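In our numbering, the protein residues as written are 36 to 176. Backbone N, C-alpha and C fix where the C-beta goes; we use that ideal spot for every residue, glycine too. Quick caveat, the model's predicted, so the values are computed rather than measured. Notes follow once the structure below has been shown.
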Amino acid sequence: MTHNTEDELLGYALELIASDEERARITAHLEACSQCRERLENLRKDIQIIGGVKPRRQVLAIPYPRTRQFVAQAIFRAAAFVVLGFLAGLGASSWAPREPVFVSPTYVELSSPSDGLAAHTASDATEIPAEYYEQLVESTE
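Here you go:
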């Protein structure tokens, strides 16, 4: 004689077996087998115990912060960070040793070009014909 499995007995106890033939087969086996009847009774007791237990609600230990508080804290922290950075930069610049900067005056003497040179100078980066270039070189020597 083959015994019913735990799944079959659990389905029978919970009335989850859809087919009439399967239900009739398990019922016939339970009438003949005392061991399967005892297992079915234990399953029914377990189902009653489990069914009587209500699940506990789990409450978060730390509630979620309110959005306004969170935004206000974020703005305050950002402002504090900016002020702290400004003060750190100001303090670092005042502690840095300052050395005087030596500036040497430089004088450049500018003179106006001569009339002959100015007449032959290309100011728009165009090509100068060779004869004018030779005259330009001779006049500057």
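Annotation for residue 112: the continuous alpha helix (DSSP H) segment containing it runs 102 to 130. The three-state reading of DSSP puts residue 56 in helix, counting H, G and I together. Counting other Cβ atoms within 10 Å of its Cβ, residue 122 stays below 16 and is therefore classed as exposed.
Spatial neighbours of residue 52 in its own chain (CB-CB distance under 6 Å, excluding positions within 5 residues in sequence) are listed in chain order as 46, 58.
For the pair residue 137 and residue 129, the Cα-to-Cα distance works out to about 21 Å. Close CB contacts of residue 74 within its chain, under the 7 Å cut and outside five residues either way in sequence, are with 44 (chain order). Apart from sequence neighbours up to five positions away, the residues of its chain that approach residue 72 with a beta-carbon distance below 7 Å are 65, ordered along the chain. The three-state reading of DSSP puts residue 38 in coil, since its state is none of H, G, I, E or B.
Residue 107 places its beta carbon 8 Å or farther from that of residue 79.
Around the beta carbon of residue 77, fewer than 16 other beta carbons lie within 10 angstroms, which makes this residue exposed. Short of 7 Å from the beta carbon of residue 116, and not among the five residues preceding or following it, lies no beta carbon of its own chain. C-alpha of residue 112 to C-alpha of residue 124: approximately 18 Å in a straight line. In the three-state DSSP reduction, residue 171 falls in the helix class (H, G or I).
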